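Note sheet for the following structure.
Right, dumping it as structure tokens:
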């Protein structure tokens, strides 16, 4: 099995504050160049959802949002801003739980997320005035675009993951997951492999793209670090193109909705 | 914030097959010495649950297990071996779901796990004859013991995490989590920190011990690699002693049981 025995994760310094329309790949390549660093085939770039969303202009002013009837109702039961709830509903397929200060939904992309992944921190100085940030329109497609653009600019065949910190059902604390991926196999299938004793492995599939996303989060930080991009070297794992959508458990297999 | 901007993960080569009674710390130190490597304060060692369980003699022969009434009943509805189900029940506090080929329980340590985390691969050549491996008796205590023993043997103040691959509610693919931890803050509390714009962070707590466990899994592999120990360098994150039990969401906060 072609597995890495060593990994190096480095936060890329010098990524500026991102605004709508900014070219994320250009920002990354120029930040790397300033470090005399170039991308190599096999490298994996993990990019925080926040800068992707900002570049895509996914910022919304709550003052521009009109809450509908259902949002007003859910705002009452959760104690949240009805306009935020309206955005949550617009971004979602289904509300799973709504309790005090917490609304958990199935995002339109299939992810189960509190607040539909809408972000109110690190959004900008207007944050306090009700600027919020939605998830990227289609993070798998964005990851594919970044990957293609890096290939054409540098010749390097890299993996790209867009990550975001999410809460979990039975564990305290968020961990980062892959909400978009390209050039990295999202799932590694261990079925059919043999164990150390030659017996068939029962353990099924490993969410390697999520594990890469979590690893990157350890150097990205979540507070004021401003280190949204992480370069992972040495991941000799699977490299087939597979999207992060692969990691979403289909409803009919979901026992915990 | 004192966050790492770079991390190096290395699988420690040369860990032999582990048997009951083996001294895991001695095996690790001698494998590191063979690489001319010494542990430094701040290093984090991530150790696969499997070798910890083996050293603790947590192997059970199914032929020595007598299934009770409830196990026989659940074996019928899941299609699993009643003796395995008996062990699952003995290791658990509560059965959450039991469907075809799948039983999900709250492990006595609080973790929500398929099969109570009982392992049937990489257990030994007898695996096919019904040898299975339970989780360690008390992985937090074991991690503390390892950490204390490393400190006394080498003088290095390291973090220790015992990790295991587990399934998730809404995502396909397992990821590795910390089932035991010592010398590493399991949760990093971002509340009260400010974001890039000086606004208070709303994102609450990050499960850093789980993210370290997932990162390590990328180099451990799950099949025949025999690389159960990973050395993580450069994690300048939180270092207060905190147990992995901190990461278990209390029942009263759990909306998805």
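Residue numbers (the numbering used here), protein chains in the order written: chain A, 1 to 257; chain B, 258 to 514.
Using N, Cα and C, we set each Cβ at its ideal position, and we do this for glycine too.
It should be emphasised that the depicted structure is a prediction, and the values quoted were computed from it without experimental measurement.
Residues that residue i bridges to, as DSSP identifies them
| i | result |
| --- | --- |
| residue 349 of chain B | B:364 |
| residue 86 of chain A | Residue 86 of chain A is not bridged to any residue. |
| residue 399 of chain B | Bridge partners of residue 399 of chain B: none, in fact. |
| residue 98 of chain A | A:103 |
| residue 134 of chain A | According to DSSP, which records beta bridges pairwise, residue 134 of chain A is partnered with nothing at all. |
| residue 465 of chain B | Looking at the DSSP assignment, residue 465 of chain B forms no beta bridge with any residue, so it has no partner. |
Status (buried if at least 16 other CB within 10 Å, exposed otherwise) for residue i
| i | result |
| --- | --- |
| residue 100 of chain A | exposed |
| residue 270 of chain B | exposed |
| residue 508 of chain B | exposed |
| residue 306 of chain B | buried |
| residue 438 of chain B | buried |
| residue 274 of chain B | exposed |
| residue 326 of chain B | exposed |
| residue 348 of chain B | buried |
| residue 375 of chain B | buried |
| residue 313 of chain B | buried |
| residue 80 of chain A | buried |
| residue 128 of chain A | Note that residue 128 of chain A has pLDDT 49, beneath the 50 cutoff, so the model's placement of it is unreliable and no number is given. |
| residue 35 of chain A | exposed |
| residue 445 of chain B | buried |
| residue 78 of chain A | buried |
| residue 333 of chain B | exposed |
Three-state class that DSSP yields for residue i in the structure shown
| i | result |
| --- | --- |
| residue 115 of chain A | helix |
| residue 78 of chain A | helix |
| residue 266 of chain B | strand |
| residue 435 of chain B | strand |
| residue 272 of chain B | coil |
| residue 153 of chain A | helix |
| residue 64 of chain A | helix |
| residue 415 of chain B | coil |
| residue 168 of chain A | coil |
| residue 446 of chain B | strand |
| residue 215 of chain A | helix |
| residue 292 of chain B | coil |
| residue 441 of chain B | coil |
| residue 70 of chain A | helix |
| residue 252 of chain A | helix |
| residue 25 of chain A | helix |
| residue 309 of chain B | helix |
| residue 514 of chain B | coil |
| residue 384 of chain B | Bear in mind that a pLDDT of 43 at residue 384 of chain B, under 50, signals an unreliable position, so the model cannot answer this. |
| residue 120 of chain A | coil |
| residue 246 of chain A | helix |
Contact set between residue i and chain A, taken where Cβ atoms lie within less than 9 Å
| i | result |
| --- | --- |
| residue 301 of chain B | Residues of chain A passing the Cβ test: none, with the nearest at roughly 10 Å. |
Nearest-angstrom beta carbon gap, residue j and residue i [assumed within contact, 8 Å]
| i | j | result |
| --- | --- | --- |
| residue 7 of chain A | residue 183 of chain A | That belief does not hold up - the Cβ atoms of residue 7 of chain A and residue 183 of chain A are roughly 17 Å apart, past 8 Å. |
| residue 422 of chain B | residue 206 of chain A | 7 Å |
| residue 229 of chain A | residue 44 of chain A | At roughly 11 Å, the Cβ-Cβ gap does not stay under 8 Å, so residue 229 of chain A and residue 44 of chain A are not in contact. |
8 Å Cβ cut-off: residues of chain A touching residue i
| i | result |
| --- | --- |
| residue 289 of chain B | Here the premise fails: no neighbours, minimum Cβ distance about 14 Å. |
| residue 467 of chain B | 171, 173, 175, 214 |
Contact list for residue i against chain B, beta-carbon separation under 9 Å
| i | result |
| --- | --- |
| residue 97 of chain A | 512, 513 |
| residue 10 of chain A | 262, 263, 264 |
Contact set between residue i and chain B, taken where Cβ atoms lie within less than 8 Å
| i | result |
| --- | --- |
| residue 112 of chain A | 426, 427 |
| residue 217 of chain A | 463, 468 |
Partner residues on chain B for residue i, Cβ-Cβ distance less than 7 Å
| i | result |
| --- | --- |
| residue 249 of chain A | 427, 428, 429 |
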